[in-house]
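Numbering (numbering that gives the first Met the number 0), first residue to last: 0 to 238.
Positions of the beta carbon are idealized from the N, C-alpha and C atoms, including for glycine.
Single-structure report; data block below.
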Amino acid sequence: MSLVAAAVCPHPPLLVPEVAGAAAGELDDLRAACDAAVARLLDARPEQLLLIGSGPRTTRFRPADHGSLRPYGLDRYIRLWKVNCAGGPHLPLSLTIGAWLVGRSGTDLPRFAHSVAVDATPDECARLGAELADADGARTALLVLGDGSACRGQKAPGYDDPRAQPYDDGVALALAGADTAALRGLDPGLSAQLRVAGRAPWQVLAGAVRAAGGDWRGELTHHTAPYGVAYLVASWERA
0 MSLVAAAVCP
10 HPPLLVPEVA
20 GAAAGELDDL
30 RAACDAAVAR
40 LLDARPEQLL
50 LIGSGPRTTR
60 FRPADHGSLR
70 PYGLDRYIRL
80 WKVNCAGGPH
90 LPLSLTIGAW
100 LVGRSGTDLP
110 RFAHSVAVDA
120 TPDECARLGA
130 ELADADGART
140 ALLVLGDGSA
150 CRGQKAPGYD
160 DPRAQPYDDG
170 VALALAGADT
180 AALRGLDPGL
190 SAQLRVAGRA
200 PWQVLAGAVR
210 AAGGDWRGEL
220 THHTAPYGVA
230 YLVASWERA
């Protein structure tokens, strides 16, 4: 593919207002940042969108596959792309929320999705990114889904861990600087201990950008941890 732009967004189910209910307003800023990141992808005039997110295994999904928000209290299916063929309820949470974000943009562009196993090694992630970058020559924008640590405070899902904020700050710097080496260097063991959902997808991004070549610039547009989980939004573009 011809990689023209990339964006990083988190994937909490609470991004969907109907899931968050009365608390939906608490994530208005994050929701707006994600919408803006998707809009910047579309501004790069891609011919297709490729979504990358973590899942139980590394696999490619069909355009008609969908994910469900039923585990989060909302009886709704989110389809990856509106096509006239059968699909299955296969999308993991990361790609379900990614499909929801793309759907909000109103784009009619073709969209595809690939999950990467949460325990994939950095080398495996880099190879996957390079393989995706070496696919067909269509102009492609990547939407990479992943949360930061889940150990920011005593009420965090993973409780409080003093290593969490320095880890997230390092990721924020890497995303702001389009630093593929820093993302490639994230430690899988520490990431797992901090319950980081984005480590593997971020390393796929690094592999894809390195394989695509050229100079890239990044911009970090959001970094908060409202529920003890780090949410980062960034945009990468060719310099």
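query                                                                                                                : result
Straight-line Cα distance separating R198 from L174                                                                  : 12 Å
Host alpha helix (DSSP H) of T179 (start-end)                                                                        : T179 to R183
First and last residue of the uninterrupted alpha helix (DSSP H) at V203                                             : R198 to A211
Check whether P9 and D146 have beta carbons under 8 Å apart                                                          : yes
Identified DSSP bridge partners for G53                                                                              : Strictly speaking, residue 53 in this sequence is Ser, with Gly absent from that position. Looking at the DSSP assignment, S53 forms a beta bridge with V115.
Three-state secondary structure (DSSP) of R39                                                                        : helix
Neighbourhood of A35 by C-beta distance below 7 Å, restricted to the same chain and skipping five residues each side : T220
Which listed residue (G188, G169, P62 and A191) has its alpha carbon closest to that of L182                         : G169
Nearest to G213 (by Cα), restricted to the options E236, V203 and V195                                               : E236
Test item: CB-CB of V3 and A43 under 8 Å                                                                             : yes
Beta-ladder partner(s) of H65, from DSSP                                                                             : R78
Residues sharing a beta bridge with R216, DSSP                                                                       : E236
For A125, the three-state DSSP class (helix, strand or coil)                                                         : helix
Per-residue burial, D27 [other beta carbons within 10 Å of its own, 16 or more giving buried]                        : exposed
Segment limits, beta strand (DSSP E) that includes A98                                                               : Here A98 belongs to no beta strand (DSSP E); instead the alpha helix (DSSP H) covers L92 to S104.
Residues near A171 by beta carbon distance below 7 Å, same chain, minus five either side                             : L219, H222 and L231
Continuous alpha helix (DSSP H) stretch holding V170: start and end                                                  : A163 to A175
Host beta strand (DSSP E) of A4 (start-end)                                                                          : S1 to C8
Range of the contiguous alpha helix (DSSP H) that encloses V18                                                       : P16 to A19
Three-pair Cβ contact test at 8 Å for the segment 9-24 versus the segment 56-67                                      : no
Beta bridge counterpart(s) of A140 as assigned by DSSP                                                               : A4 and L48
Whole-angstrom distance between C124 and G217, CA atom to CA atom                                                    : 20 Å
Paired residues, beta bridge with Y230 - DSSP                                                                        : T223
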